[in-house]
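Novice: Residue numbers (the numbering used here), protein chains in the order written: chain F, 212 to 576; chain Z, 212 to 576. The beta-carbon is built from N, C-alpha and C at its ideal position, and this holds for glycine as well.
Number of protein chains: 2
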Amino acid sequence: MHFAQPLALRSGAQLRDYTLVYETYGALNAARSNAVLVCHALNASHHVAGTYEGQDKSEGWWDNLVGPGKPLDTNRFFVIGVNNPGSCFGSTGPMQTNPDTGLPYGADFPVVTVEDWVDAQARLLDALGIAQLAAALGGSLGGMQALSWSLRYPERLRHCIAVATAPNLSAQNIAFNEVARRAIVTDPEFFEGHFYAHDTLPRRGLRVARMIGHITYLSDDAMEAKFGREMRSTGLAYSTQAIEFEIESYLRHQGDKFSEYFDANTYLLITRALDYFDPAREFGGDLTAAFAAAKASFLLVSFTTDWRFAPQRSREIVKALVDHKRDVSYAEIDAPHGHDAFLLDDPRYHSVLRAYFDNIAKEVS
Amino acid sequence: MHFAQPLALRSGAQLRDYTLVYETYGALNAARSNAVLVCHALNASHHVAGTYEGQDKSEGWWDNLVGPGKPLDTNRFFVIGVNNPGSCFGSTGPMQTNPDTGLPYGADFPVVTVEDWVDAQARLLDALGIAQLAAALGGSLGGMQALSWSLRYPERLRHCIAVATAPNLSAQNIAFNEVARRAIVTDPEFFEGHFYAHDTLPRRGLRVARMIGHITYLSDDAMEAKFGREMRSTGLAYSTQAIEFEIESYLRHQGDKFSEYFDANTYLLITRALDYFDPAREFGGDLTAAFAAAKASFLLVSFTTDWRFAPQRSREIVKALVDHKRDVSYAEIDAPHGHDAFLLDDPRYHSVLRAYFDNIAKEVS
Numbered sequence: 212m213h214f215a216q217p218l219a220l221r222s223g224a225q226l227r228d229y230t231l232v233y234e235t236y237g238a239l240n241a242a243r244s245n246a247v248l249v250c251h252a253l254n255a256s257h258h259v260a261g262t263y264e265g266q267d268k269s270e271g272w273w274d275n276l277v278g279p280g281k282p283l284d285t286n287r288f289f290v291i292g293v294n295n296p297g298s299c300f301g302s303t304g305p306m307q308t309n310p311d312t313g314l315p316y317g318a319d320f321p322v323v324t325v326e327d328w329v330d331a332q333a334r335l336l337d338a339l340g341i342a343q344l345a346a347a348l349g350g351s352l353g354g355m356q357a358l359s360w361s362l363r364y365p366e367r368l369r370h371c372i373a374v375a376t377a378p379n380l381s382a383q384n385i386a387f388n389e390v391a392r393r394a395i396v397t398d399p400e401f402f403e404g405h406f407y408a409h410d411t412l413p414r415r416g417l418r419v420a421r422m423i424g425h426i427t428y429l430s431d432d433a434m435e436a437k438f439g440r441e442m443r444s445t446g447l448a449y450s451t452q453a454i455e456f457e458i459e460s461y462l463r464h465q466g467d468k469f470s471e472y473f474d475a476n477t478y479l480l481i482t483r484a485l486d487y488f489d490p491a492r493e494f495g496g497d498l499t500a501a502f503a504a505a506k507a508s509f510l511l512v513s514f515t516t517d518w519r520f521a522p523q524r525s526r527e528i529v530k531a532l533v534d535h536k537r538d539v540s541y542a543e544i545d546a547p548h549g550h551d552a553f554l555l556d557d558p559r560y561h562s563v564l565r566a567y568f569d570n571i572a573k574e575v576s
Numbered sequence: 212m213h214f215a216q217p218l219a220l221r222s223g224a225q226l227r228d229y230t231l232v233y234e235t236y237g238a239l240n241a242a243r244s245n246a247v248l249v250c251h252a253l254n255a256s257h258h259v260a261g262t263y264e265g266q267d268k269s270e271g272w273w274d275n276l277v278g279p280g281k282p283l284d285t286n287r288f289f290v291i292g293v294n295n296p297g298s299c300f301g302s303t304g305p306m307q308t309n310p311d312t313g314l315p316y317g318a319d320f321p322v323v324t325v326e327d328w329v330d331a332q333a334r335l336l337d338a339l340g341i342a343q344l345a346a347a348l349g350g351s352l353g354g355m356q357a358l359s360w361s362l363r364y365p366e367r368l369r370h371c372i373a374v375a376t377a378p379n380l381s382a383q384n385i386a387f388n389e390v391a392r393r394a395i396v397t398d399p400e401f402f403e404g405h406f407y408a409h410d411t412l413p414r415r416g417l418r419v420a421r422m423i424g425h426i427t428y429l430s431d432d433a434m435e436a437k438f439g440r441e442m443r444s445t446g447l448a449y450s451t452q453a454i455e456f457e458i459e460s461y462l463r464h465q466g467d468k469f470s471e472y473f474d475a476n477t478y479l480l481i482t483r484a485l486d487y488f489d490p491a492r493e494f495g496g497d498l499t500a501a502f503a504a505a506k507a508s509f510l511l512v513s514f515t516t517d518w519r520f521a522p523q524r525s526r527e528i529v530k531a532l533v534d535h536k537r538d539v540s541y542a543e544i545d546a547p548h549g550h551d552a553f554l555l556d557d558p559r560y561h562s563v564l565r566a567y568f569d570n571i572a573k574e575v576s
């Protein structure tokens with residue numbers, strides 16, 4: 212969907228003449244009351260569920276959760292996935308043409324925030340004739356968008372479902388983002404963010420960034436269970452560069468794959484949006500004060516082995532909501548997979564979401 | 212000290228015609244029974260304690276622990292620090308001339324292991340006329356050397372003191388090492404490890420490697436307490452590359468400093484020695500079987516917030532020693548600083564070491 216009216220960004224810049232790519236699943240009911248917005252995290256997109264005809268392995272990134280008969284049941288809900296501006300899967304972003312120059316935006320794409328994304332999503336809903344969402348749902352950075360919806364558009368949101376998320380990044384979270392960004396911007400093929408013009412990609416930097424990311428997505432235990440000290444061959448190669456351990460092979464493979472499809476400028480923008488997200492900031496760090504505006508009902512979910520956004524971070528949000536006597540449910544799932552758990556189909560996790568959506572379905576039918 | 216006789220390495224290669232730089236503190240007693248070897252970790256050296264005349268800020272890396280009247284009291288003990296081969300502080304390593312080619316070893320320096328270092332240290336002790344150590348002491352990778360001493364030279368070691376260490380690296384530990392190595396070897400200025408000939412340094416890779424390292428040395432809590440979300444200025448710059456948060460500034464500074472003094476090939480070698488260390492490997496993963504050879508008394512120390520080498524890893528070693536009814540003391544120190552705690556002067560930690568060394572002193576006097 213094309214938007215001719217400029218989008219004012221938190222930075223003071225604006226995005227003019229932009230496009231959002233989106234997908235929908237299921238049907239909007241007559242009352243227009245069954246819409247659920249699914250917000251994506253770092254490297255995902257509008258393609259939440261289903262497969263594209265004739266394309267093997269094209270499952271949406273949350274296909275185990277969203278679809279007919281699934282916990283977020285598209286027989287009952289009208290589900291919307293939007294690619295956020297600044298991303299690299301079709302919506303206006305650094306790879307697209309800057310109307311001011313006729314060249315790709317590259318590093319000149321304005322810095323976007325979680326709040327900007329929520330504003331862009333709200334405009335898409337306007338265009339679709341959806342005045343109020345039954346729910347906004349997201350995990351990780353997607354959860355931050357769901358939280359932001361409850362604060363920016365309290366009248367337009369009945370339920371906020373935020374999974375494996377945090378009210379802001381810790382110093383350690385920022386540190387990991389910063390190392391990944393340094394790896395990218397110091398790659399000589401980054402060309403100050405204008406590598407498109409040089410017909411190259413900062414693959415080395417992206418590989419390292421992705422490898423770091425992967426370590427933080429998996430729990431120490433899950434990594435130990437999956438790889439441990441398993442070696443590729445029985446004898447040692449006594450080499451610093453050969454692949455000796457299976458974990459090395461896995462990480463290099465993840466890095467290689469990622470560096471071929473993900474845009475480096477998008478990586479910088481999205482990690483920065485994570486760093487900046489901090490609804491309590493304008494309330495002097497008081498998260499309770501920040502959530503005074505919220506009117507939705509909330510479901511928060513965290514995973515015991517998630518060390519990126521540990522359960523404690525979700526409990527901070529629960530505390531702020533309870534301070535306002537908001538309607539809030541909280542599930543802390545004992546799952547071994549670390550942060551990645553939010554994308555997996557752990558039965559206890561999915562049954563919590565199914566039950567919650569079943570209750571919402573009763574309201575909308 | 213120069214060694215003309217080749218050192219056979221675990222890899223099958225050998226190191227011929229090599230030099231070890233070492234320092235000693237205190238005096239060897241008449242019985243030659245009061246020698247304590249201090250083993251260094253990744254980026255440290257033979258310069259354990261004291262300051263160099265006329266050089267400000269030249270304190271040894273463990274100066275808070277080692278010296279007259281300090282927990283490891285050089286009025287009572289003869290303390291030895293050795294720079295391990297493969298390191299970059301004076302002992303034979305990648306920056307030194309390869310006698311076979313007349314050029315710097317660079318990437319051709321043979322892969323060295325913890326066991327090789329221990330063998331090299333043992334030869335130095337031979338030359339110094341020390342048949343048996345009162346103790347071998349080390350933290351982190353240094354602790355692995357102390358453990359290896361107890362297995363390779365059981366008759367030559369009375370006490371093994373291993374702090375903040377592990378019986379081997381976990382998959383996550385290896386993963387962090389591998390990302391750091393990839394950052395270095397994919398830096399175009401690495402030149403396959405022969406950057407000396409190009410009169411350059413792979414600074415970009417080293418910076419990223421060091422930043423990753425620093426994150427793992429600090430606890431999440433310590434980083435939060437020290438930096439949190441503190442910003443450099445009151446307003447946001449809305450930039451992906453500007454320094455916004457103090458933690459970014461700190462990490463970049465650490466990376467910059469390190470990249471100017473530390474050798475990239477040494478970084479590869481030392482992280483690989485960490486990966487390879489695994490005394491249980493030749494016993495089918497049975498750590499108890501691996502420690503059958505040990506005869507020393509042991510002190511193990513771990514720190515509650517160390518997520519690099521967590522207390523659980525030290526307990527595995529304690530368990531293996533208890534299985535053999537070895538004399539073993541174990542202190543789990545409740546300290547906030549993460550892995551770095553082993554270098555700090557936490558009073559409870561230092562009082563444990565002081566008491567332990569006091570007891571050893573009674574044996575040797």
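What residue ranges within the segment 331–386 of chain Z form continuous beta strand (DSSP E) runs of no fewer than 3 residues, ordered along the chain?
Specialist: 344–350, 368–374
Novice: Using 9 Å as the limit for Cβ to Cβ distance, is residue 273 (chain Z) near chain F?
Specialist: If you number the second sequence from 1, residue 273 (chain Z) lands on position 62. So no, residue 273 (chain Z) is outside the interface.
Novice: Need the endpoints of the beta strand (DSSP E) that residue 542 (chain Z) sits in, please.
Specialist: Position 331 of the second sequence, counted from the start, is the residue given in the question as residue 542 (chain Z). Here the beta strand (DSSP E) through residue 542 (chain Z) covers 539–544.
Novice: Using 9 Å as the limit for Cβ to Cβ distance, is residue 585 (chain F) near chain Z?
Specialist: Nothing in the structure corresponds to residue 585 (chain F), since chain F is present only between 212 and 576.
Novice: Note the first and the last residue of the continuous beta strand (DSSP E) segment covering residue 424 (chain F).
Specialist: Locating residue 424 (chain F) in the first sequence gives position 213, where the first residue counts as 1. Unbroken run through residue 424 (chain F) is the alpha helix (DSSP H), 414–428; no beta strand (DSSP E).
Novice: With respect to the beta strand (DSSP E) encompassing residue 291 (chain Z), which residues constitute its N-terminal and C-terminal limits?
Specialist: The residue you call residue 291 (chain Z) lines up with position 80 of the second sequence. Looking at the DSSP string, the run of the beta strand (DSSP E) that includes residue 291 (chain Z) is 289–293.
Novice: What would DSSP say about residue 246 (chain F), mapped onto helix, strand or coil?
Specialist: The count along the first sequence starts at 1 and reaches residue 246 (chain F) at position 35. The DSSP-derived three-state label of residue 246 (chain F) is strand.
Novice: Can you give, in chain order, each stretch of the beta strand (DSSP E) that sits fully within the segment 299–331 of chain Z and has at least 3 residues?
Specialist: none
Novice: For residue 432 (chain F), which option in Z:472, Z:504, Z:518 has the closest C-alpha, if you only look at C-alpha atoms?
Specialist: The residue you call residue 432 (chain F) lines up with position 221 of the first sequence. Minimum Cα distance to residue 432 (chain F) is reached at Z:518.
Novice: Can you tell which of Z:377, Z:309, Z:224, Z:317 has its C-alpha closest to the C-alpha of residue 408 (chain Z)?
Specialist: Taking the first residue of the second sequence as 1, we reach residue 408 (chain Z) at position 197. Ranking the options by Cα distance to residue 408 (chain Z), first place goes to Z:317.
Novice: Between the alpha carbons of residue 262 (chain F) and residue 275 (chain F), how many angstroms are there, rounded?
Specialist: Taking the first sequence and counting its residues from 1, one reaches residue 262 (chain F) at position 51. Taking the first sequence and counting its residues from 1, one reaches residue 275 (chain F) at position 64. Each residue's alpha carbon lies about 12 Å from the other.
Novice: Hey, is residue 493 (chain Z)'s beta-carbon within less than 9 Å of any beta-carbon in chain F?
Specialist: Position 282 of the second sequence, counted from the start, is the residue given in the question as residue 493 (chain Z). No, residue 493 (chain Z) lies away from the interface with chain F (no Cβ there is under 9 Å from its Cβ).
Novice: Got a sec, what are the start and stop residues for the beta strand (DSSP E) residue 234 (chain F) sits in?
Specialist: For the purposes of this step, residue 234 (chain F) is taken as residue 23 along the first sequence, with counting starting at 1. It spans 233–236 - the beta strand (DSSP E) in which residue 234 (chain F) sits, taken as one unbroken run.
Novice: Whose Cβ in chain Z lies nearer than 8 Å to the Cβ of residue 254 (chain F)?
Specialist: As a first step, residue 254 (chain F) is located in the first sequence; it is residue number 43 there, counting from the start. Ordered by position in chain Z, no residue passes the 8 Å Cβ test against residue 254 (chain F), which lies about 16 Å from the chain.
Novice: Roughly how far, in whole angstroms, is the beta-carbon of residue 505 (chain Z) from the beta-carbon of residue 365 (chain Z), given that I think they are within contact range, below 8 Å?
Specialist: Residue mapping note: residue 505 (chain Z) aligns to position 294 of the second sequence, counting from 1. Residue mapping note: residue 365 (chain Z) aligns to position 154 of the second sequence, counting from 1. Right, the Cβ-Cβ distance comes to about 6 Å (below 8 Å), so this counts as a contact.
Novice: Give the residues of chain F in contact with residue 399 (chain Z), contact being defined as C-beta atoms less than 7 Å apart.
Specialist: One-based indexing of the second sequence puts residue 399 (chain Z) at position 188. Within 7 Å Cβ-Cβ: 399.
Novice: If the cut is a Cβ gap below 9 Å, which residues of chain F does residue 487 (chain Z) touch?
Specialist: Looking up residue 487 (chain Z) in the second sequence gives position 276. Those within 9 Å of residue 487 (chain Z) in chain F are 447, 449, 455.
Novice: Hey, does residue 383 (chain F) have any beta-carbon neighbour from chain Z nearer than 9 Å?
Specialist: In the first sequence, the residue the question calls residue 383 (chain F) occupies position 172. With respect to chain Z, the C-beta atom of residue 383 (chain F) has a partner C-beta closer than 9 Å.
Novice: Do residue 502 (chain Z) and residue 528 (chain Z) have their CB atoms nearer than 9 Å?
Specialist: By 1-based counting over the second sequence, the position of residue 502 (chain Z) is 291. By 1-based counting over the second sequence, the position of residue 528 (chain Z) is 317. Yes.
Novice: Could you check the C-alpha separation between residue 543 (chain Z) and residue 358 (chain Z) for me, to the nearest Å?
Specialist: On the second sequence, residue 543 (chain Z) is found 332 positions in, with the first residue counted as 1. On the second sequence, residue 358 (chain Z) is found 147 positions in, with the first residue counted as 1. Taking the straight line joining both Cα atoms gives about 18 Å.
Novice: Could you tell me whether the Cβ of residue 212 (chain F) comes closer than 9 Å to any Cβ of chain Z?
Specialist: Locating residue 212 (chain F) in the first sequence gives position 1, where the first residue counts as 1. False, the Cβ-Cβ gap to chain Z never drops below 9 Å.
Novice: Residues in the same chain with beta-carbon distance under 7 Å from residue 313 (chain F), minus the five sequence neighbours each way, listed in chain order, please.
Specialist: Within the first sequence, numbered from 1, the residue matching residue 313 (chain F) stands at position 102. Nothing listed; no residue qualifies.
Novice: Quick one: give me the first and last residue of the alpha helix (DSSP H) that residue 562 (chain Z) is part of.
Specialist: Here the question's residue 562 (chain Z) lines up with position 351 in the second sequence. Its alpha helix (DSSP H) spans residues 558–575.
Novice: Could you check whether residue 391 (chain Z) and residue 421 (chain Z) sit closer than 9 Å to each other, using their CB atoms as the reference points?
Specialist: Reading the second sequence from its first residue, position 210 is the one you call residue 421 (chain Z). Reading the second sequence from its first residue, position 180 is the one you call residue 391 (chain Z). Yes. Within cutoff.
Novice: Pick from Z:281, Z:286, Z:212: whose alpha carbon is nearest that of residue 238 (chain Z)?
Specialist: Taking the first residue of the second sequence as 1, we reach residue 238 (chain Z) at position 27. Out of Z:281, Z:286, Z:212, Z:286 has the C-alpha closest to the C-alpha of residue 238 (chain Z).
Novice: Counting only beta-carbon atoms, is residue 434 (chain Z) nearer than 9 Å to chain F?
Specialist: In the second sequence, residue 434 (chain Z) corresponds to position 223, counting from 1. With 9 Å as the cut-off, residue 434 (chain Z) counts as an interface residue toward chain F.
Novice: My guess is that residue 382 (chain F) and residue 435 (chain Z) are in contact by the Cβ rule of under 8 Å, so how many angstroms apart are they, rounded?
Specialist: Here residue 382 (chain F) corresponds to residue number 171 of the first sequence, with the count starting at 1. Here residue 435 (chain Z) corresponds to residue number 224 of the second sequence, with the count starting at 1. Correct: roughly 5 Å between the Cβ atoms.
Novice: Counting only C-beta atoms, is residue 379 (chain Z) closer than 9 Å to chain F at any point?
Specialist: Counted from its first residue, the second sequence places residue 379 (chain Z) at position 168. Chain F contact via Cβ: present.
Novice: For residue 451 (chain Z), which three-state DSSP category applies?
Specialist: Sequence index remark: in the second sequence, residue 451 (chain Z) carries index 240 (1-based). Three-state DSSP puts residue 451 (chain Z) in coil, outside helix and strand.
Novice: Mark residue 490 (chain Z) as exposed unless 16 or more other C-beta atoms lie within 10 angstroms of its C-beta, in which case mark it buried.
Specialist: Here residue 490 (chain Z) is taken as the residue at index 279 of the second sequence, counted from 1. Flag for residue 490 (chain Z) reads buried.
Novice: Report the rounded CA-to-CA distance for residue 305 (chain F) versus residue 253 (chain F), giving the unit in angstroms.
Specialist: Locating residue 305 (chain F) in the first sequence gives position 94, counting from the first residue. Locating residue 253 (chain F) in the first sequence gives position 42, counting from the first residue. Rounded to the nearest whole angstrom, the CA to CA distance from residue 305 (chain F) to residue 253 (chain F) is 15 Å.
Novice: Given a cut-off of 9 Å, decide if residue 484 (chain F) and residue 325 (chain F) are closer than it, judged by their beta-carbon atoms.
Specialist: By 1-based counting over the first sequence, the position of residue 325 (chain F) is 114. By 1-based counting over the first sequence, the position of residue 484 (chain F) is 273. Yes, Cβ-Cβ distance for residue 325 (chain F) and residue 484 (chain F) is below 9 Å.
Novice: Comparing alpha-carbon positions, which option in Z:329, Z:297, Z:522 lies nearest residue 250 (chain Z)?
Specialist: Position 39 of the second sequence, counting from 1, holds the residue named residue 250 (chain Z). Ranking Z:329, Z:297, Z:522 by Cα distance to residue 250 (chain Z) puts Z:329 first.
Novice: Determine the direct distance from the alpha carbon of residue 560 (chain Z) to that of residue 279 (chain Z), and round the result to whole angstroms.
Specialist: Your numbering for residue 279 (chain Z) matches position 68 in the second sequence. Your numbering for residue 560 (chain Z) matches position 349 in the second sequence. Distance between the alpha carbons of residue 279 (chain Z) and residue 560 (chain Z) is about 18 Å.
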